[in-house]
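K.L.:
Pasting in a structure now, in structure tokens, and then I'll have a few things to ask.
Residue numbers (the UniProt record's numbering): 1 to 328.
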């Protein structure tokens with residue numbers, strides 16, 4: 001076996017790695033009204049999956065079922081290959097659940113809080129103390145560990161709440177609106193911590209009302225509305241799904257009319273508009289097409305001074321699919 005064969009086999013193994021979370025046809029109703037209606041999705045090791053939806057779409061109900069807090073009416077949830085129910089102790093051990101509300105003891109220090117929860121997780125004294133220091137580093141609170149939690153800012157308390165969820169080294173971390181109401185410094189610290197955890201191989205289920213967070217963190221996004229998954233994919237896949245195009249602005253002089261006519265002949269170009277200071281182009285895939293756009297414009301007599309590209313975002317997709325903005 002050659003070294004290239006070994007690399008190929010390792011790559012194949014990574015591609016077929018089973019998902020950490022698998023949800024199949026989840027259903028839950030309250031008093032005859034469907035809150036979750038046939039929801040299915042998976043999360044792979046090292047993947048951050050964003051679950052987005054308007055208020056009342058079924059996000060919270062889904063999270064509670066995944067965490068084993070709420071029983072599903074139908075469907076199946078597997079975490080790390082173990083079936084999840086409200087009585088599934090082994091499956092629950094694979095989850096770190098960080099709810100919106102902080103659950104901390106204000107009169108204790110950050111370190112004392114973590115040591116208490118380490119005991120609840122069943123960690124031995126030496127292991128627990130080591131994990132406490134590890135998670136304090138992860139969330140950036142090592143220098144504040146001896147201060148009482150009542151002196152922490154709201155953002156620091158949320159970071160400590162995340163640290164609690166990491167103590168037992170879960171396979172899946174569930175984060176429900178972790179940055180609501182926090183200061184910018186803590187918010188950035190939280191996002192950096194999540195990025196590091198994902199890079200280290202942890203699967204993350206993430207809900208947020210901040211679209212820029214989803215775009216920054218999430219490898220894939222599932223958009224739910226009225227309890228059903230209406231779209232799923234990367235940001236690029238989702239924007240392509242609803243026909244959104246990239247906006248390319250060429251600040252240019254010269255024969256702009258000829259350049260516009262030539263650019264309209266490119267396969268991914270949708271529209272070209274001539275303005276007083278250049279050209280505005282809508283293109284299906286500016287990342288790939290930009291070299292051709294510049295070459296064709298120059299070849300037709302335009303002198304390009306600068307280029308700006310604005311890609312479509314998740315907000316436009318969300319509005320198109322649900323009829324509302326994420327924060328409505």
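Cβ coordinates follow ideal geometry from the N, Cα and C atoms, glycine included.
#1: Going by DSSP, name the residue or residues bridged to residue 249.
#2: Using the Cα positions of residue 111 and residue 315, report the straight-line distance between them to the nearest angstrom.
#3: Taking only the alpha-carbon atoms, compute the straight-line gap between residue 106 and residue 163 and give it to the nearest angstrom.
#4: I need the straight-line Cα distance from residue 187 to residue 258, nearest angstrom please.
#5: Residue 150 lies in the beta strand (DSSP E); which residues open and close that run?
#6: Can you give me the start and stop residues for the alpha helix (DSSP H) that residue 110 sits inside?
#7: Is DSSP giving residue 20 helix, strand or coil here?
#8: Measuring CA to CA, which of 240, 297, 55 is closest to residue 249?
#9: Assuming residue 174 and residue 52 make a contact with CB atoms under 8 Å, what is their CB distance in whole Å?
#10: I'd like to confirm something about residue 101: is its beta-carbon nearer than 8 Å to some heavy atom of the ligand ADP, or not?
#11: Quick check: the segment 152 to 162 against the segment 122 to 132, are at least 3 beta-carbon pairs closer than 8 Å?
#12: Indicate the three-state DSSP secondary structure (helix, strand or coil) for residue 330 in the structure shown.
#13: Looking at the strands, I want to know which residues DSSP matches up with residue 97.
#14: On a Cα-Cα basis, can you pick out the residue from 302, 228, 275 that is closest to residue 36?
#15: Pairing CB atoms from the segment 23 to 35 with CB atoms from the segment 177 to 194, are three or more of them under 8 Å?
#16: Does the structure place the segment 253 to 267 close enough to the segment 285 to 302 that three or more beta carbon pairs sit under 8 Å?
#17: Could you tell me which whole alpha helix (DSSP H) segments of length 4 or greater appear in the segment 210 to 265?
#18: Report the residue from 149, 80, 93 whose alpha carbon sits nearest the alpha carbon of residue 103.
#19: Enumerate in chain order the residues of its own chain whose CB-to-CB distance from residue 117 is below 8 Å, with the five nearest sequence positions on each side excluded.
#20: Beta carbon of residue 68, beta carbon of residue 44: below 9 Å?
#21: Identify the continuous beta strand (DSSP E) that holds residue 40 and give its terminal residues.
#22: According to DSSP, what are the bridge partners of residue 48?
#23: Start and end of the beta strand (DSSP E) containing residue 79?
#24: Give me the DSSP bridge partner(s) of residue 275.
#25: Please confirm whether residue 26 and residue 94 have their CB atoms less than 9 Å apart.
#26: For the alpha helix (DSSP H) containing residue 187, name the first residue and the last one.
#27: Pick out whichever of 202, 225, 236 has its Cα sitting closest to the Cα of residue 214.
#28: Distance, Cα to Cα, residue 123 vs residue 97?
#29: So residue 329 packs on residue 195, CB below 8 Å; how close in whole Å?
P.N.:
Taking the coordinates as given:
#1: Here residue 249 refers to the residue found at position 249 of the chain shown. Answer by DSSP bridge pairing, in chain order: 280, 308.
#2: The count along the chain shown starts at 1 and reaches residue 111 at position 111. The count along the chain shown starts at 1 and reaches residue 315 at position 315. Approximately 39 Å, taken between the alpha carbons.
#3: Locating residue 106 in the chain shown gives position 106, counting from the first residue. Locating residue 163 in the chain shown gives position 163, counting from the first residue. One C-alpha to the other measures close to 15 Å.
#4: Against the chain shown, residue 187 aligns to sequence position 187. Against the chain shown, residue 258 aligns to sequence position 258. Those two C-alpha atoms are separated by around 49 Å.
#5: For the purposes of this step, residue 150 is taken as residue 150 along the chain shown, with counting starting at 1. Where residue 150 is concerned, there is no enclosing beta strand (DSSP E), given that its DSSP letter is neither H nor E.
#6: As a position in the chain shown, residue 110 is number 110, starting the count at 1. First-last of the alpha helix (DSSP H) with residue 110: 110 to 120.
#7: Locating residue 20 in the chain shown gives position 20, counting from the first residue. Coil.
#8: The residue given as residue 249 occupies position 249 in the chain shown. Ranking 240, 297, 55 by Cα distance to residue 249 puts 297 first.
#9: Taking the chain shown and counting its residues from 1, one reaches residue 174 at position 174. Taking the chain shown and counting its residues from 1, one reaches residue 52 at position 52. Rounded, the Cβ-Cβ distance is 15 Å, inconsistent with contact.
#10: In the structure shown, the ligand ADP is absent, as is every other ligand, since no ligand is present at all.
#11: Touching, no, given that fewer than three Cβ pairs across the two stretches are closer than 8 Å.
#12: Here the chain comprises residues numbered 1 to 328, so residue 330 is not present and cannot be evaluated.
#13: Translated into positions along the chain shown, residue 97 becomes position 97. DSSP, once it has assigned bridges, lists 174 as partnering residue 97.
#14: On the chain shown, position 36 is the one that residue 36 refers to. Of 302, 228, 275, the residue nearest in Cα terms is 228.
#15: no
#16: yes
#17: Runs found: 211 to 217, 235 to 241, 256 to 263.
#18: Looking up residue 103 in the chain shown gives position 103. Selected option, being the one with the closest Cα: 149.
#19: Counted from its first residue, the chain shown places residue 117 at position 117. If we look at residue 117 and ignore the five residues flanking it on each side, its Cβ neighbours are 164, 167.
#20: Along the chain shown, one-based indexing puts residue 68 at 68. Along the chain shown, one-based indexing puts residue 44 at 44. Their beta carbons are not under 9 Å apart, which means residue 68 does not touch residue 44 by this criterion.
#21: Locating residue 40 in the chain shown gives position 40, where the first residue counts as 1. Note, residue 40: beta strand (DSSP E), 33 to 43.
#22: The residue you call residue 48 lines up with position 48 of the chain shown. BP columns for residue 48 point to 204.
#23: Position 79 of the chain shown, counting from 1, holds the residue named residue 79. Element bounds for residue 79: 74 to 79.
#24: Within the chain shown, residue 275 is the residue found at index 275, counting from 1. In DSSP, residue 275 forms a bridge with 278.
#25: For this step, residue 26 is matched to residue 26 along the chain shown. For this step, residue 94 is matched to residue 94 along the chain shown. No, Cβ-Cβ distance for residue 26 and residue 94 is not below 9 Å.
#26: As a working mapping, residue 187 is identified with position 187 in the chain shown. 184 to 199 is the extent of the alpha helix (DSSP H) around residue 187.
#27: Start at 1 with the first residue of the chain shown, and residue 214 comes out as number 214. Measuring from the Cα of residue 214, the nearest candidate turns out to be 236.
#28: In the chain shown, the residue the question calls residue 123 occupies position 123. In the chain shown, the residue the question calls residue 97 occupies position 97. Each residue's Cα considered, the two are about 17 Å apart.
#29: A question about residue 329 goes unanswered here, because the residues of the chain that appear run from 1 up to 328.
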